[in-house]
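Q: Quick one: the structure is below, and I'll ask about it shortly.
And the structure:
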C-alpha cells in the first residue's frame with residue numbers, strides 16, 4: 001500500500017515575476033516499509049519535493065496524498081497537526097531544541113500530542129536506547145557530538161509514531177563513523193520495525209544502502225531504480 | 001508546564017543578553033521610582049510646610065464661610081463640637097476667629113487680618129512661637145497683641161507700644177480696641193508679614209463681639225494620609241447642613257494646581273525614559289526573533305502550532321520583564337529608603353529663602369511601595385506590549401522560508 005503518492009506535482013517559485021520551475025510534474029508512489037533515497041544534482045528539486053511530501057510547502061499544481069489523505073487540501077493549522085501525527089523529520093543540521101535535554105527533545109513532540117508524562121518518558125527512553133544513547137539522555141544538544149545529535153533527531157522523528165520519516169541530507173554534517181552508525185540504526189529500524197524512510201541525499205554511502213533510488217534532474221524524475 | 005520550562009530555559013540561553021535586558025528594565029524602574037519618590041516627597045514636604053504654616057490639613061467652618069470669609073459666619077464652638085473634631089486621627093484642634101480690621105499706630109494706619117488664637121494650640125500646629133523676633137509669645141489669658149514684622153514696620157510700632165484696632169464686628173457691632181504690642185514675629189511669606197495681627201482667642205472674641213464664637217477650627221494631623229479617614233468621620237459626625245468640612249486641597253487650589261502641573265511635566269520625562277528603555281528592550285526582542293527564526297521554523301515543521309510557539313515566546317519575554325521589574329523594585333527599596341532617611345539638603349541661597357519661610361531646606365523621598373509597584377508595572381506593561389511583535393512574526397512565519405535562513 002502506498003504511504004506517499006504524488007500525481008503531476010509542479011512547483012513554480014515567483015509565479016508572475018521571473019518564474020522558476022522547481023518541479024515539473026513529479027508522480028511518485030512510495031510504499032510502506034521502503035528505504036528510498038531521492039538523489040540528484042543541486043537544484044534538481046530534491047528538497048522541494050521532500051518539503052511538499054512533508055506538508056511544509058504546497059505544490060503549484062498536482063496532487064499529494066499521504067496515508068490516504070489529500071494534504072494539499074488541508075489548512076495551515078491542519079497541516080501542522082498532520083505533520084505532528086504522521087510525519088517524522090530529520091534535518092541536515094539536526095535542529096534539536098538547544099535548551100532541552102535529549103530526553104526532553106524526544107518527548108517534546110509527544111507533549112504536543114498530549115500524551116501522558118509517563119508515556120512520554122517511557123517512549124523517549126526506549127527510543128534513545130534504540131539509537132544507542134541510553135547514557136546521554138540528560139545531556140543537552142551542545143554536550144553531544146554531531147552524530148549523537150542526529151541520532152537524537154532520529155529518535156525525535158520516531159516519537160510521534162509517524163507513517164514515515166523524511167530525512168533531508170541527514171548525513172551531510174557527519175563524519176564517516178557517525179554516518180555509518182546512523183545508517184545502521186535507520187536501516188535496522190526499517191528492517192525490524194518496518195518504518196518507512198525517505199531521504200534526499202548527495203551522500204554515496206546513503207545511496208548505497210537505499211533499497212530504492214529516485215533520481216531527479218531539472219525537476220523531473222529521470223530514473224527510478226528499485227534494488228533487490 | 002513544558003512551555004514554561006522551555007521559556008525559562010530560553011531566557012538563560014543567552015545569559016549576557018538576558019542580563020543586559022533585565023538590567024535596562026531594572027534601571028528604568030529604579031530611575032523612575034527614585035524620581036517619582038523624590039518628586040512626591042518634595043511635594044509632600046512642601047504641602048506639609050504650607051499647610052502647617054497656617055491652614056492645617058483640614059478646617060471646619062460654618063456652612064458658607066469659606067466663600068464669604070465673613071465674621072458673621074462665626075459659630076459657637078461647643079465642647080461637643082470640639083471633642084468630635086479633635087478625636088483621632090486629628091492630633092489637635094486649633095480654633096480661630098479671623099476678620100479684617102483697620103490697625104493704627106501713632107501716625108499710620110493699615111488693613112490687617114486679626115486672628116484670635118489659642119496660643120499653645122496654634123504654636124503646636126504652625127510653630128508660631130519660633131517666628132518670634134522680639135518680645136514674648138502670647139498667653140491665653142493676656143491682653144497683648146503679636147504683630148507681624150511688616151505690620152509693625154508700617155505702623156512704626158515696637159514691643160511695648162500700643163496698637164489700635166477698629167472694624168465692624170459680629171453682626172455689625174462696632175469693634176474697637178487698644179492692645180499693647182507684646183511681641184513681633186517674622187514670616188517668610190510677604191503676604192502674612194504685612195497683614196497678620198494675633199490676639200488671644202478670648203480677647204479677639206471680645207473685640208469682635210462674638211463671645212464663644214470662632215470662624216474656623218483648623219485640625220492638626222500628624223500624617224497627611226489620615227485626611228480621608230478624618231474627613232469621612234467628620235462628615236459622619238457633624239451636621240453638614242450647618243458646617244462645612246474642607247481639606248487643604250479645597251482651601252488651596254493653587255497649590256494643588258502647581259503640583260499637578262509639576263507632576264504632568266514629569267510624566268513627559270517618564271514617557272521619554274520609558275520610550276528609550278522600550279527601544280532597548282525592543283532591540284533585544286528583535287534580535288532574538290531574527291536569530292531564532294530558523295528554530296521557530298523547525299518547531300512549526302515538527303508539529304508545534306503557531307499559537308503554542310507564540311505563547312511560549314510571549315511567556316519568555318514576560319518572564320524577562322518580571323525578572324527586570326522585580327530586580328528594579330528590589331534595587332529601588334534601599335535607594336529610596338536612604339533618601340527618605342537622609343534627605344537631600346539644600347544649601348546656600350536656596351536654603352536661606354526656604355528657611356525664611358519657615359520651611360526646612362530638605363528634599364526628602366517618599367517611601368511608598370505603591371510607587372515602585374506602579375513604575376515596575378509601567379515598564380512591565382511596555383515589555384508585554386513589545387512581546388506582541390514576535391507573536392505577530394510567528395503568526396506569519398513560513399517554516400520552509402524560515403529554515404532556509
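Protein chains in written order, with the UniProt record's numbering: chain L, 1 to 228; chain Z, 1 to 405.
For every residue, glycine included, the Cβ atom is placed at its ideal position computed from N, Cα and C.
These numbers were taken from a predicted model, which means no experiment stands behind them.
Mind checking which residues open and close the alpha helix (DSSP H) that includes residue 203 of chain L?
A: That residue, residue 203 of chain L, is in no alpha helix (DSSP H); it is neither H nor E in DSSP.
Q: Got a sec? Which residues, its chain only, sit under 8 angstroms from residue 74 of chain L by beta carbon, not counting five neighbours each side?
A: If we look at residue 74 of chain L and ignore the five residues flanking it on each side, its Cβ neighbours are 55, 82.
Q: In chain L, which residues lie less than 7 angstroms from residue 321 of chain Z when you measure between Cβ atoms?
A: What residue 321 of chain Z touches in chain L: nothing, since even the nearest Cβ is about 19 angstroms away.
Q: Would you please verify whether the beta carbon of residue 99 of chain L is less than 8 angstroms from any beta carbon of chain Z?
A: Closer than 8 angstroms: yes.
Q: Measuring alpha carbon to alpha carbon, tell me which of Z:263, Z:177, Z:337 ends up nearest residue 104 of chain Z.
A: Checked all of Z:263, Z:177, Z:337; the closest Cα to residue 104 of chain Z is Z:177.
Q: Less than 8 angstroms between the beta carbons of residue 59 of chain Z and residue 264 of chain Z, yes or no?
A: Going by C-beta atoms, residue 59 of chain Z is not nearer than 8 angstroms to residue 264 of chain Z.
Q: For residue 114 of chain L, count the other beta carbons within 10 Å of its own beta carbon; 16 or more makes it buried, fewer makes it exposed. Which is it?
A: With fewer than 16 other Cβ atoms within 10 Å, it is exposed.
Q: Please look up how many angstroms separate the CB atoms of residue 242 of chain Z and residue 63 of chain Z, rounded, as I've assumed it's under 8 angstroms.
A: Contact flag correct, Cβ pair sits at about 6 angstroms.
Q: With a 10 Å radius around its C-beta and 16 neighbouring C-beta atoms as the bar for buried, classify residue 27 of chain L as buried or exposed.
A: Residue 27 of chain L is exposed by the Cβ-count criterion.
Q: On a CA-only basis, which of L:185, L:222, L:8, L:34 is nearest residue 194 of chain L? Give me that one, please.
A: That would be L:34, whose Cα lies nearest to the Cα of residue 194 of chain L.
Q: Please name the residues in the region 6 to 24 of chain Z whose beta-carbon is closer than 7 angstroms to at least one beta-carbon of chain L, in chain order.
A: Flagged, chain order: 6, 9, 10, 13.
Q: At a Cβ threshold of 8 angstroms, is residue 399 of chain Z touching chain L?
A: Answer yes: the Cβ-Cβ gap between residue 399 of chain Z and chain L drops below 8 angstroms somewhere.
Q: Can you tell me which residues form a DSSP beta bridge with residue 174 of chain Z?
A: Z:168.
Q: Less than 8 angstroms between C-beta atoms, sequence neighbours within five positions excluded: which residues of the same chain meet that for residue 110 of chain L?
A: Correct list, in chain order: 119, 120, 123, 124, 159, 160.
Q: By Cβ distance, which residues of its chain are closer than 7 angstroms to residue 112 of chain L, with the 5 residues on each side in sequence left out?
A: Result list for residue 112 of chain L: 84, in chain order.
Q: Under 8 angstroms, do residue 105 of chain L and residue 156 of chain L count as touching if we go by C-beta distance?
A: Their beta carbons are under 8 angstroms apart, which means residue 105 of chain L touches residue 156 of chain L by this criterion.
Q: Check this for me: beta carbons of residue 126 of chain Z and residue 65 of chain Z, under 8 angstroms apart or not?
A: Not in contact: residue 126 of chain Z and residue 65 of chain Z (Cβ atoms no closer than 8 angstroms).
Q: Candidates L:144, L:101, L:64: which alpha carbon is nearest residue 5 of chain L's?
A: Of the candidates L:144, L:101, L:64, the one whose C-alpha sits nearest the C-alpha of residue 5 of chain L is L:64.
Q: So what does DSSP say about residue 213 of chain L, is it helix, strand or coil?
A: Residue 213 of chain L falls in the strand class under three-state DSSP.
Q: Whole-angstrom Cβ separation of residue 297 of chain Z and residue 397 of chain Z, contact assumed at under 8 angstroms?
A: Contact flag correct, Cβ pair sits at about 6 angstroms.
Q: Run the CB neighbour count on residue 198 of chain Z, radius 10 Å, all protein chains shown included, and call it buried at 16 or more, exposed below.
A: The residue is buried, with at least 16 neighbouring Cβ atoms inside 10 Å.
Q: With C-beta atoms as the reference, is residue 390 of chain Z less than 8 angstroms away from residue 318 of chain Z?
A: Their beta carbons are not under 8 angstroms apart, which means residue 390 of chain Z does not touch residue 318 of chain Z by this criterion.
Q: Give, in chain order, every residue of the region 299 to 311 of chain Z whose Cβ lies closer than 8 angstroms to some Cβ of chain L.
A: Cβ contacts with chain L: 299, 300, 301, 302, 303, 304, 305, 306, 308.
Q: Of all Cβ atoms in chain L, is any one closer than 8 angstroms to the Cβ of residue 2 of chain Z?
A: So yes, residue 2 of chain Z belongs to the interface.
Q: Does the beta-carbon of residue 341 of chain Z, which I'm using as the reference point, lie nearer than 7 angstroms to any heavy atom of the ligand COA?
A: For the ligand COA, the structure offers nothing, since it holds no ligand at all.
Q: Please give me, in chain order, every unbroken run of the beta strand (DSSP E) with length at least 3 that falls completely inside the region 102 to 174 of chain Z.
A: Counting whole runs of 3 or more residues, the region 102 to 174 of chain Z contains the beta strand (DSSP E) stretches 109 to 117, 132 to 135, 145 to 148, 162 to 168.
Q: Could you tell me whether any Cβ in chain Z is nearer than 8 angstroms to the Cβ of residue 115 of chain L?
A: For residue 115 of chain L, the answer is no, since every Cβ of chain Z falls outside 8 angstroms of its Cβ.
Q: Between which two residues does the beta strand (DSSP E) containing residue 25 of chain L stretch?
A: Counting along the chain, the beta strand (DSSP E) containing residue 25 of chain L begins and ends at 20 to 31.
Q: In angstroms with no decimal places, state the Cα-to-Cα distance between residue 29 of chain Z and residue 345 of chain Z.
A: So the two alpha carbons sit approximately 24 angstroms from each other.
Q: Is the Cβ-Cβ distance between residue 194 of chain Z and residue 158 of chain Z less than 8 angstroms?
A: Not in contact: residue 194 of chain Z and residue 158 of chain Z (Cβ atoms no closer than 8 angstroms).
Q: For residue 91 of chain L and chain Z, any beta-carbon pair shorter than 8 angstroms?
A: So, interface residue.
Q: By the criterion of Cβ-Cβ separation under 8 angstroms, what are the contact partners of residue 109 of chain L in chain Z?
A: Chain Z residues near residue 109 of chain L: 302, 303.
Q: Could you name the residues that DSSP lists as bridge partners for residue 35 of chain Z?
A: DSSP output for residue 35 of chain Z lists no bridge partner at all.
Q: For chain Z, find out if any of its Cβ atoms is closer than 8 angstroms to the Cβ of residue 123 of chain L; answer yes or no.
A: Cβ-Cβ to chain Z under 8 angstroms: no for residue 123 of chain L.
Q: Counting only beta-carbon atoms, is residue 44 of chain L nearer than 8 angstroms to chain Z?
A: Not one chain Z Cβ lies under 8 angstroms of residue 44 of chain L.
Q: On the criterion of 16 or more Cβ atoms from any shown chain inside 10 Å, does residue 83 of chain Z qualify as buried, or is it exposed?
A: The residue is exposed, with fewer than 16 neighbouring Cβ atoms inside 10 Å.
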